[in-house]
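In the numbering used here, the protein residues as written are 40 to 331. No residue lacks a Cβ here, since even glycine has one placed at the ideal position from N, Cα and C. Model, not experiment: these values are computed from the prediction.
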């Protein structure tokens, strides 16, 4: 199993398969087959990790078409996503995008190395599943080629795994093709980038802040009282409860309505963004156009 991945059982038949500090993928198995929720960066072989966890056929489901969620698609024969994700999933990721991400990944690892001894002595915040790893060998040769054409998933479609099912929830906002997967019987929501315990990216061209706010309000109303654990796709805090969903929905409502003033800042890639801080999470918005 690659040292790049961290694996942790999060419940019966369910595992975190993380690239700590980068992308959190999740494997959910039934008696007949399994679903891998997102396939990560594709910088190391996520399929090899999955094969060690289950011998069942695996369907890779992308929560949306952004490149950090579909890097490992090439290793799976069966892939599914919202229909609007198909064009992205069947295209190669531009090498310049990968090079830019590698630069940030190296910067992140250097920051972790600087605080690791302090954490080990005083705070003990990093656990086995949340310790950032050195980049895998051959990282400079990282490529993400086109993946297989995905099967189309419909809103409210049930994916039967055998004794277990995941329900597709269409959750546009972060992107027009975003979905979440709900394990209703176990009270689990796999949220992709619809919920983030850090920076919500609502400043990119394919984000719709109004739809994002409406989606989060709908999710809270629809399932906030029935889920026990929500699993976002990014940051080291990979599990939250329904109270986080409720607070995020309220925050997005304030930002969308103009009730919250942001401050100039930047995103992870150092691109300008207006930052709306809510304590343990931040909503990024485009910088205002000075010409208007």
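Distance from the CA atom of residue 284 to the CA atom of residue 327, rounded to whole angstroms, is 27 Å. Taking C-beta atoms as the reference points, residue 121 and residue 251 fail to come closer than 9 Å. Around the beta carbon of residue 256, 16 or more other beta carbons sit within 10 angstroms, so the residue counts as buried. Taking residue 57 as reference, the option from 83, 138, 152 and 72 with the minimal CA-CA separation is 83.
For residue 146, the enclosing alpha helix (DSSP H) stretches over residues 134-157. Close CB contacts of residue 317 within its chain, under the 6 Å cut and outside five residues either way in sequence, are with 290 (chain order). Distance from residue 185 to residue 131 at the Cβ level is roughly 5 Å; contact confirmed, criterion being Cβ atoms closer than 8 Å. DSSP lists 76 and 119 as the beta-bridge partner residues of residue 100. Here residue 242 has 312, 323, 324 and 325 as same chain residues with Cβ atoms under 6 Å from its own Cβ, once five neighbours each way along the sequence are excluded. Cβ atoms of residue 200 and residue 50 stay farther apart than 8 Å, at about 14 Å. Under DSSP, residue 322 forms a beta bridge with 239 and 315. If you draw a 10 Å sphere on the C-beta of residue 308, you find fewer than 16 other C-beta atoms in it, and that means exposed. CA-CA distance, residue 225 to residue 54, rounds to 13 Å.
Take residue 147, set aside five residues on each side of it, and the residues of its chain with a beta-carbon closer than 7 Å to its own are 60 and 171, in chain order.
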